[in-house]
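Participant: So the sequence shown is numbered by my numbering: it starts at 2 and just counts up by one. The structure that follows is given in the form of structure tokens.
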Amino acid sequence: MTINANDALSSARKRRIQKAVLGWYGLHGRKLPWRESADPYRVWLSEVMLQQTTVAAVVPYFERFTAAFPDVESLAAAEIDEVLKLWEGLGYYSRARNLHKAAQVVVSEYSGKFPDDVSTLRELPGIGRYTAGAIASFAFDKPAAIVEANTERLYARLIALREDVRSTSSQKTLWEFAESIVPSERPGDFNQALMDIGSKICRPQDPDCDQCPLQPCCHSFEQGLQGTVPVRKPRVPITAVSELGVVLQHRGKFLLRRRTETERWAGMWDFVRFEIDDAEAASLPFTQTLSARSTSLRANSNGKKNDDVPGGKKRRRTQSLFSPAGETFSESLTARIAESSGALPRQVLASMEFSYSVTRYKVRLFCFLCKAETPKLREDHEQNWFSIEKLGELPLSTTGRQIAVWLEQL
Ligand code: SF4
Numbered sequence: 002m003t004i005n006a007n008d009a010l011s012s013a014r015k016r017r018i019q020k021a022v023l024g025w026y027g028l029h030g031r032k033l034p035w036r037e038s039a040d041p042y043r044v045w046l047s048e049v050m051l052q053q054t055t056v057a058a059v060v061p062y063f064e065r066f067t068a069a070f071p072d073v074e075s076l077a078a079a080e081i082d083e084v085l086k087l088w089e090g091l092g093y094y095s096r097a098r099n100l101h102k103a104a105q106v107v108v109s110e111y112s113g114k115f116p117d118d119v120s121t122l123r124e125l126p127g128i129g130r131y132t133a134g135a136i137a138s139f140a141f142d143k144p145a146a147i148v149e150a151n152t153e154r155l156y157a158r159l160i161a162l163r164e165d166v167r168s169t170s171s172q173k174t175l176w177e178f179a180e181s182i183v184p185s186e187r188p189g190d191f192n193q194a195l196m197d198i199g200s201k202i203c204r205p206q207d208p209d210c211d212q213c214p215l216q217p218c219c220h221s222f223e224q225g226l227q228g229t230v231p232v233r234k235p236r237v238p239i240t241a242v243s244e245l246g247v248v249l250q251h252r253g254k255f256l257l258r259r260r261t262e263t264e265r266w267a268g269m270w271d272f273v274r275f276e277i278d279d280a281e282a283a284s285l286p287f288t289q290t291l292s293a294r295s296t297s298l299r300a301n302s303n304g305k306k307n308d309d310v311p312g313g314k315k316r317r318r319t320q321s322l323f324s325p326a327g328e329t330f331s332e333s334l335t336a337r338i339a340e341s342s343g344a345l346p347r348q349v350l351a352s353m354e355f356s357y358s359v360t361r362y363k364v365r366l367f368c369f370l371c372k373a374e375t376p377k378l379r380e381d382h383e384q385n386w387f388s389i390e391k392l393g394e395l396p397l398s399t400t401g402r403q404i405a406v407w408l409e410q411l
């Protein structure tokens, strides 16, 4: 059944929702660092950070980022590596690169002043419908609608939406509903209050309907549907994959390359790393211990959270591997390492297993520290040799940083 947002909302109900939400916000709204002012730069920054993780995880990132780049001009003038370094660990690095590009556009085309309307904001790199609505309403008090994870769930329950909440028609219904309820008075407070109610009260599991200011207007509560709305299609199954990570060492330095625009974690620096198949995994120097470990890891794998996303219940494991000094890779893996780096791996010095999840993949990363011989770097990649000290200054993915920490501990 398709619900038209207007069918679900009489004007009396709309007024009750607005009054209840704004009344609740005055008493219970969250005090957050980015709410201390209506600075559109801070609103924008916090909203982009919050798209990928929890409020608690974002606060220290937000504080470090705004200390380094207190305004849009300083962000626009920064080197991209400085921006990525401060973003390190938040994941979704394209968002950091888009922040940097958008800051440059705001400075060059709008004299450092953010546009205040949704359609112009959406022309900036990385700013979608939600972020534009958040900036317009929070910073400029424009009656712009928002739909993000918390409000999506809240709206779906308020109108008892029984279709898959991610479907195109559901999204259309939810946006129409959001547009129909946002008031012309205090739209920013109203939207922030809805996000807080969604986060604190209308939680994904076990919504606290007894404490909810919207209970009298909630169709799901009325029909006892809180446990089944929002409806979501089953998740895509998790796929297990293996990666080989190779830390090539030459004259006390380590080889890293910058990941390209078409790769995951684009713009970040990384060690040599690529996916390997089962036969290649079986040929690694620790073959003798692989099958016992595989069984235990498969039993523990759930793969629900993304790599590089702080604040979730992620499970990242490390495990020392058996790898006698002097062992080397198979001929074919040696060729793949040489092809991706330009350098030839020689004997293995140490090894470690890491695991992480990214999108629908559960990844086992088998990492080896090797001496490199005849180092001749690929010229079509941005790559270089770095000292252990220099690794601390480079922007790395979370697993890249784990490898760097492991190297420090050897
Ligand atoms: Fe959510 Fe319950 Fe409030 Fe409805 S009454 S909006 S289900 S918390």
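Ideal Cβ placement from N, Cα and C applies to all residues, glycine included.
Do Ser-138 and Asn-99 have their C-beta atoms closer together than 9 Å?
Facilitator: No, Cβ-Cβ distance for Ser-138 and Asn-99 is not below 9 Å.
Participant: Who are Lys-254's beta bridge partners in DSSP?
Facilitator: Answer is His-251.
Participant: Alpha helix (DSSP H) containing Met-196: first to last residue?
Facilitator: Run containing Met-196: 188-201, per the alpha helix (DSSP H) assignment.
Participant: So, using beta-carbon positions, are Gly-268 and Ala-78 closer together than 9 Å?
Facilitator: In this structure, Ala-78 does not lie closer than 9 Å to Gly-268 by Cβ.
Participant: So, helix, strand or coil for Ile-136, using DSSP?
Facilitator: It is helical.
Participant: Measuring straight from C-alpha to C-alpha, what distance separates Thr-400 and His-382?
Facilitator: Roughly 21 Å separates the two Cα atoms.
Participant: Output the distance between the C-alpha atoms of Ile-277 and Leu-215, rounded to the nearest integer angstrom.
Facilitator: Distance between the alpha carbons of Ile-277 and Leu-215 is about 52 Å.
Participant: Helix, strand or coil, according to DSSP, for Tyr-93 in the structure here?
Facilitator: If DSSP states are grouped into helix, strand and coil, Tyr-93 belongs with coil.
Participant: Decide if Tyr-156 is buried, meaning its Cβ has at least 16 other Cβ atoms within 10 Å, or exposed.
Facilitator: Tyr-156 comes out buried.
Participant: Indicate, with yes or no, if the ligand SF4 has a heavy atom lying under 8 Å from the CB of Pro-231.
Facilitator: It does not: the Cβ of Pro-231 is nowhere closer than 8 Å to a heavy atom of the ligand SF4.
Participant: Within 10 Å of its beta-carbon, does Ser-12 have 16 or more other beta-carbons around it, so buried, or fewer, so exposed?
Facilitator: Counting Cβ neighbours within 10 Å, Ser-12 comes out exposed, since fewer than 16 surround it.
Participant: For Cys-371, is the classification buried or exposed, using 16 other Cβ atoms within 10 angstroms of its Cβ as the cut-off for buried?
Facilitator: Buried, by the Cβ-count rule.
Participant: Should Thr-67 be labelled buried (16 or more other beta-carbon atoms within 10 Å of its own) or exposed?
Facilitator: So Thr-67 ends up on the buried side.
Participant: Can you check whether the CB of Val-59 is closer than 9 Å to the CB of Ala-104?
Facilitator: No; because the gap between Cβ atoms is not below 9 Å, this pair is not in contact.
Participant: Does the Cβ-Cβ distance between Arg-123 and Leu-87 come in under 9 Å?
Facilitator: No; because the gap between Cβ atoms is not below 9 Å, this pair is not in contact.
Participant: Looking at the structure shown, is Gly-313 part of a helix, part of a strand, or coil, going by DSSP?
Facilitator: Below a pLDDT of 50, predicted positions are generally treated as unreliable, and Gly-313, at 38, falls in that range; the measurement from the model is reported next regardless. Coil.
Participant: Who pairs with Cys-219 in a beta bridge, going by DSSP?
Facilitator: Note: Cys-219 sits in no beta bridge, so no partner.
Participant: Could you tell me whether the Cβ atoms of Gln-52 and Tyr-94 are closer together than 9 Å?
Facilitator: Going by C-beta atoms, Gln-52 is not nearer than 9 Å to Tyr-94.
Participant: Less than 8 Å separating the Cβ of Phe-191 from some heavy atom of the ligand SF4?
Facilitator: For the ligand SF4, not one heavy atom lies less than 8 Å from the Cβ of Phe-191.
Participant: Which residue comes first and which comes last in the alpha helix (DSSP H) that contains Leu-23?
Facilitator: Looking at the DSSP string, the run of the alpha helix (DSSP H) that includes Leu-23 is 12-29.
Participant: Between the alpha carbons of Lys-15 and Glu-164, how many angstroms are there, rounded?
Facilitator: Roughly 22 Å between the two C-alpha positions.
Participant: Taking 6 Å as the limit between beta carbons, can you name the residues of its chain near Lys-143, skipping five residues before and five after?
Facilitator: Within the same chain, Lys-143 has close Cβ partners Ala-137.
Participant: Return yes when at least one heavy atom of the ligand SF4 lies under 8 Å from the C-beta of Cys-213, else no.
Facilitator: Result yes, Cβ under 8 Å from the ligand SF4.
Participant: Among the candidates Gly-253, Gly-189, Leu-350, Ala-133, whose CA atom is the shortest distance from the CA of Gln-19?
Facilitator: It is Gly-189.
Participant: Give me, in chain order, the residues of the same chain whose beta-carbon lies closer than 8 Å to that of Arg-233; leave out the 5 immediate sequence neighbours on both sides.
Facilitator: Contacts found: Asp-165, Val-166, Arg-167.
Participant: Using the DSSP secondary-structure output, state which residues sit across from Asp-207 in a beta bridge.
Facilitator: Asp-207 pairs with nothing; no bridge assigned.
Participant: Quick check: Ala-161 and Ser-221, are their CB atoms within less than 9 Å of each other?
Facilitator: Yes, the Cβ-Cβ distance between Ala-161 and Ser-221 is below 9 Å.
Participant: In three-state DSSP terms, what is Leu-397?
Facilitator: DSSP places Leu-397 in strand when its eight states are reduced to three.
Participant: Report the residue ranges of all alpha helix (DSSP H) runs contained in full by the segment 113-185; include only those spanning at least 4 residues, in chain order.
Facilitator: 119-122, 130-135, 150-159, 169-182, all fully within the segment 113-185.
Participant: Trp-266 and Leu-395 look like a contact to me (Cβ under 8 Å); what is the Cβ gap, rounded to whole Å?
Facilitator: With a Cβ gap of about 12 Å, Trp-266 and Leu-395 do not count as contacting.
Participant: Report the three-state DSSP secondary structure of Arg-299 (helix, strand or coil).
Facilitator: Residue placement at Arg-299 is flagged as unreliable, the pLDDT there being 32, under the threshold of 50; the coordinate-derived value follows with that caveat. Here Arg-299 sits in helix by DSSP.
Participant: Give me, in chain order, the residues of the same chain whose beta-carbon lies closer than 8 Å to that of Thr-240; leave out the 5 immediate sequence neighbours on both sides.
Facilitator: Closer than 8 Å at Cβ, skipping near neighbours: Arg-361, Tyr-362, Lys-363.
Participant: Smallest Cα separation from Arg-260: which of Leu-159, Pro-34, Arg-43, Asp-82?
Facilitator: When only C-alpha atoms are compared, the closest one is Asp-82.
Participant: Closer than 8 Å: is that where the CB of Pro-208 sits relative to any heavy atom of the ligand SF4?
Facilitator: Result yes, Cβ under 8 Å from the ligand SF4.
Participant: What do you reckon, are the CB atoms on Leu-91 and Val-106 nearer than 9 Å?
Facilitator: Their beta carbons are not under 9 Å apart, which means Leu-91 does not touch Val-106 by this criterion.
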